[in-house]
Every structure is written in C-alpha cells, then in structure tokens.
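Residue numbers (the working numbering): 2 to 399. C-beta atoms are modelled at their ideal positions from N, C-alpha and C, and glycine is treated no differently.
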Ligand SMILES: Cc1cc2nc3c(=O)[nH]c(=O)nc-3n(C[C@H](O)[C@H](O)[C@H](O)COP(=O)(O)O)c2cc1C
Ligand code: SF4
C-alpha cells in the first residue's frame, strides 16, 4: 500500500452508521471531506465483527454481507479524493456501551428472590445493580436480595465475553469468561469481516488490539486472570490476538495490509495492566503472526480530558519499537504541531503519524500543512466531540 503522505487519520468512531451498522450518507460525505483535505490514509471508526461484540450504538458493522454497497460508497469516497482506506475491526467486549434496547441487556425485575438472582447471574453476561436500575440498565455486579435477574429470552451469540469474568471499571459490565469455542468463533469472525472488507475494496484492515476492547483485554493482567494457555505469561496473553491476526491473514492472503493497533501500555505510568516491555514483545508476535504494520496507542481510554499537554503521547515507545521491528510503525496520539511531527519522522524510523481529533476540528489540516501553513492544530483535546454522535467539534458550530 502506498499512501500519498505520512499522515494517517487514526480510527475515530463517528457514530454515523445506521442501526444496522451500514455507513450513512453523512459518513460518506465526511470521508469525502477528509480525503479532499489531504490525509494520506483514513482508518475507519471501529467496525464490529460480530453482533455480540458491538461496542456502541451507531457503530459500523462488518459482520453482514448485505452492507457491501454502502461500504463500496465509503471506499470510493476515500479513493476518489486520493486517500487510502483501512477498515478497523473490533470485538467490543465488556467495554461496550449498550443502548437501551440492546439485546445483550438482561432484564431486572423488582421481585425478590435471591436464589433466582444468583442462578440468573451464573449464566448472565451482565450483572446489574438494583440501586442503579429500575428497569433495564447495566451497572455494577452486586445484586440485592429484592431483585431478580432474568434473561428476556435465550439468544445465542448475543452474550458479552471477556478473558475472565472481571467487572469492567468503565462500564460495570461483567463478561462471561470466553470458552475455547468462543475464541475460535471470534477469530473466525475477524477473518470473515476482513475478507468482507477486502471484497468491498478497502486497501487493508486494522485489528483493534488496544484501548481495553476484547483483544486488548487479553493482553492485560487486570482483565485476564486465566490459568489456561491464554493467561499468565505475556506470550500466553498475546496468544488470542495472534490467533485473530493469523486467521485474518489466512482469509485475506499475502500482500493485503493488516495493521494492528496496540497499546504501548494500558496506563501512561505503566502501573496497571499491560506494561511497555510486554507490549514490545506483543508487537513482534503480532508481526510474526501475519500483521504488516503496528499502530501505537496507549491507555484504556486512549484520550483523556487532561490531554491538552504537548504530545506526542507515545513518541518514545514508538521510536523504540520502530528500531526493533522490520515493519512500518504508526505513532498515534497528541500530534498537534506539524514541525514537531516532521522532526520526529526525520529523526526516527517511524513510518507515519496517526491523528484523530485535529482532523475532527479541521478535516483539511493536512492540505493546509502541505501548502506551508505550518500552524499547530487548534484542537484543545476538550473531548466534546467524543460525547455525541457525528463528532461535533466546539470550533465548528453551525
Ligand atoms: C471521538 C473519538 C472516537 C474514537 N474512536 C476510535 C476508534 O473507533 N478506534 C480506535 O482505535 N480509536 C479511536 N479513538 C482514539 C483515536 O484513534 C486516537 O487514538 C486518540 O484520539 C488519540 O489521538 P489524537 O490525540 O490525535 O486525538 C477515538 C477518538 C475520538 C476522539
Ligand atoms: S471538540 Fe475539542 S477535542 Fe474534539 S476536535 Fe474539537 S477541540 Fe478537539
């Protein structure tokens, strides 16, 4: 894949898909704008590979062959404007934000039988707090004696799985520990989604191994408490992500780019979850499994309100990784000043920078930089754009 420059639009969930997960006309026109604005490569917002892995409402879906024509329009929007386009693939897991009518919710009835509460919980994907929810709501996993938990109906494949049944601090969801059959199914769903993306004309795919979604959770000792071959050592914790990459490679064949987005660490201070030394090992393993490039990110949430400080956030890890592996490395997060980015790209072996919020603020920023207007992005990292669908920027009020 050859892109026209070294600026990548990092995956940004725009929440502009239809309820079936198809790209909407608004999304197509946003990609037209981005491509016309000069970015070299666009990575789509996360696209789920399986209905039970849908990470949020109005996310893109790549688990349905019927959406091919809408995806072709999205791909054309990028290509017509001169940009390459990569489909990001995700399985949400317990980080998923469930809409009110999400079938993965379980029903909470105020009826009072502790026995059935625990019986329900053994089999439930989600546990709920009676204090938080009167009807349908997800919350923490304690269940008071006056609450009964039932599932509305048996719905195979609509449960949320995780490496272990650890409550997610961000959502309160408690996943069911994935069985080896679940893992084989999900790996093959990644493969199917990638093959679908290839058929729709994408230039490549990116497997989301970062930010606390399922594959990233497997890497993290916080979420992954398994004692089988998928838990414990970093080689074991990386096994599932590698199996997904290998399945994707098998499905798309040689020569089709597969990026992997990987956390340098789960926290910037490395104190909880995946740490940098382990992440370097994982990057090598992902390449050996069939990935063509690594996009470096970090944190469970990827961006925080305090991010206004001068980036890049993961520059030193990225430079170190680029020296270690024989594959392109993209470093994402915190790029605001084009002069600084240029210097970094000159002084390291990093292939490209990944940019999200500055392109929400100004989709044509790459073109402006190219024309010599080398001013830093106006984005203040306030994260207002992440709070509603359509990624509205405070600077672009209509
Ligand atoms: C609104 C919004 C949605 C995002 N959606 C995704 C996503 O779907 N997949 C992903 O890997 N990262 C996602 N990110 C994280 C970005 O790709 C990027 O890693 C992060 O914002 C840091 O880069 P920046 O400082 O250039 O914004 C999102 C960020 C924002 C602000
Ligand atoms: S809303 Fe805030 S974080 Fe989002 S692009 Fe605009 S300035 Fe940046």
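message: Suppose you measure from the CA of residue 75 to the CA of residue 396; what does that come to, to the nearest Å?
response: The residue labelled residue 75 in the question sits at position 74 within the chain shown. The residue labelled residue 396 in the question sits at position 395 within the chain shown. If you take the alpha carbons of residue 75 and residue 396, they lie about 26 Å apart.
- prompt: Measuring CB to CB, does residue 219 end up less than 8 Å from residue 241?
  reply: In the chain shown, counting from the first residue as 1, residue 219 sits at position 218. In the chain shown, counting from the first residue as 1, residue 241 sits at position 240. Yes, the pair counts as a contact, with Cβ atoms nearer than the cut-off.
- prompt: Taking buried to mean at least 16 other C-beta atoms within 10 Å of its own C-beta, is residue 278 buried or exposed?
  reply: Indexing the chain shown from 1 puts residue 278 at position 277. Exposed, because fewer than 16 other Cβ atoms sit within 10 Å of the Cβ of residue 278.
query: Quick one: Cα of residue 235 to Cα of residue 26, how far?
result: Taking the chain shown and counting its residues from 1, the one referred to as residue 235 is at position 234. Taking the chain shown and counting its residues from 1, the one referred to as residue 26 is at position 25. C-alpha separation (whole angstroms): 43 Å.
Buried versus exposed, by CB contacts within 10 Å (16 or more), residue 129: In the chain shown, counting from the first residue as 1, residue 129 sits at position 128. Per-residue confidence for residue 129 stands at a pLDDT of 38, beneath the threshold of 50, marking its modelled position as unreliable; the derived number appears in the next sentence. Residue 129 is buried by the Cβ-count criterion.
message: Is any non-hydrogen atom of ligand 1 found closer than 7 Å to the C-beta of residue 386, if you look at the structure I gave you?
response: Here residue 386 is taken as the residue at index 385 of the chain shown, counted from 1. It does: the Cβ of residue 386 is within 7 Å (strictly closer) of some heavy atom of ligand 1.
- prompt: Is residue 298 closer than 8 Å to residue 324 when the C-beta atoms are compared?
  reply: Looking up residue 324 in the chain shown gives position 323. Looking up residue 298 in the chain shown gives position 297. Going by C-beta atoms, residue 324 is not nearer than 8 Å to residue 298.
- prompt: Pick from 8, 2 and 4: whose alpha carbon is nearest that of residue 360?
  reply: Residue mapping note: residue 360 aligns to position 359 of the chain shown, counting from 1. The candidate whose alpha carbon is nearest that of residue 360 is 8.
- prompt: Can you tell me whether DSSP reads residue 89 as helix, strand or coil?
  reply: Stepping through the chain shown from its first residue, residue 89 is reached at position 88. Reduced to three states, the DSSP call for residue 89 is strand.
query: To the nearest whole angstrom, what separates the beta carbons of residue 87 and residue 205, a pair I think is in contact under 8 Å?
result: Residue mapping note: residue 87 aligns to position 86 of the chain shown, counting from 1. Residue mapping note: residue 205 aligns to position 204 of the chain shown, counting from 1. Residue 87 to residue 205, Cβ: 5 Å. Contact.
- prompt: residue 256 to residue 379, Cα distance in whole Å?
  reply: Position 255 of the chain shown holds residue 256. Position 378 of the chain shown holds residue 379. So the two alpha carbons sit approximately 38 Å from each other.
query: Span of the beta strand (DSSP E) holding residue 10?
result: Taking the first residue of the chain shown as 1, we reach residue 10 at position 9. Its beta strand (DSSP E) spans residues 8 to 10.
- prompt: Got a sec: does ligand 1 put a non-hydrogen atom nearer than 7 Å to the Cβ of residue 258?
  reply: Residue numbering aside, residue 258 sits at position 257 when the chain shown is read from its first letter. No - ligand 1 has no heavy atom lying nearer than 7 Å to the Cβ of residue 258.
message: On the criterion of 16 or more Cβ atoms from any shown chain inside 10 Å, does residue 45 qualify as buried, or is it exposed?
response: By one-based count along the chain shown, residue 45 stands at place 44. Per the 10 Å Cβ criterion, buried.
- prompt: Exposed or buried, what is residue 143 when buried is set at 16 or more other beta-carbons lying within 10 Å of its beta-carbon?
  reply: For the purposes of this step, residue 143 is taken as the residue at position 142 of the chain shown. With a pLDDT of only 36 at residue 143, under 50, the local geometry of the prediction cannot be trusted, and the value read off the model is given with reservation. Looking at its Cβ environment, which holds fewer than 16 other Cβ atoms inside 10 Å, residue 143 is exposed.
- request: With DSSP collapsed to three states, give me the class of residue 341.
  value: Counting from one through the chain shown, the residue named residue 341 turns up at place 340. Helix, per DSSP.
message: Which runs of the alpha helix (DSSP H) at least 4 residues long sit entirely within the region 241 to 327? Give them in chain order.
response: 277 to 290 and 316 to 325
query: Thinking C-alpha only, which one of 3, 264, 341 and 355 is nearest residue 334?
result: As a working note, residue 334 is residue 333 in the chain shown. Ranking 3, 264, 341 and 355 by Cα distance to residue 334 puts 355 first.
- request: With a floor of 4 residues, list each alpha helix (DSSP H) that falls wholly inside the region 158 to 227, ordered by position along the chain.
  value: 181 to 200 and 215 to 220
- request: Could you name the residues that DSSP lists as bridge partners for residue 61?
  value: As a first step, residue 61 must be located in the chain shown, where it is residue number 60. Beta-bridge pairing links residue 61 to 48.
task: On the DSSP bridge assignment, give the partners of residue 355 in chain order.
output: By one-based count along the chain shown, residue 355 stands at place 354. Looking at the DSSP assignment, residue 355 forms a beta bridge with 9 and 333.
- prompt: Under 8 Å, do residue 215 and residue 22 count as touching if we go by C-beta distance?
  reply: Position 214 of the chain shown, counted from the first residue, corresponds to residue 215. Position 21 of the chain shown, counted from the first residue, corresponds to residue 22. No, they are not a contact pair.
- request: Run the proximity test for residue 298: is its beta-carbon closer than 7 Å to any non-hydrogen atom belonging to ligand 1?
  value: Taking the chain shown and counting its residues from 1, the one referred to as residue 298 is at position 297. The answer is yes for residue 298.
query: Any heavy atom of ligand 2 within a distance shorter than 7 Å of the CB on residue 245?
result: Within the chain shown, numbered from 1, the residue matching residue 245 stands at position 244. False, no ligand heavy atom lies under 7 Å from that Cβ.
- request: Under 6 Å Cβ to Cβ from residue 162, same chain only, skipping five residues before and after it: list those, please.
  value: In the chain shown, the residue the question calls residue 162 occupies position 161. These residues qualify, in order along the chain: 176, 177, 179 and 183.
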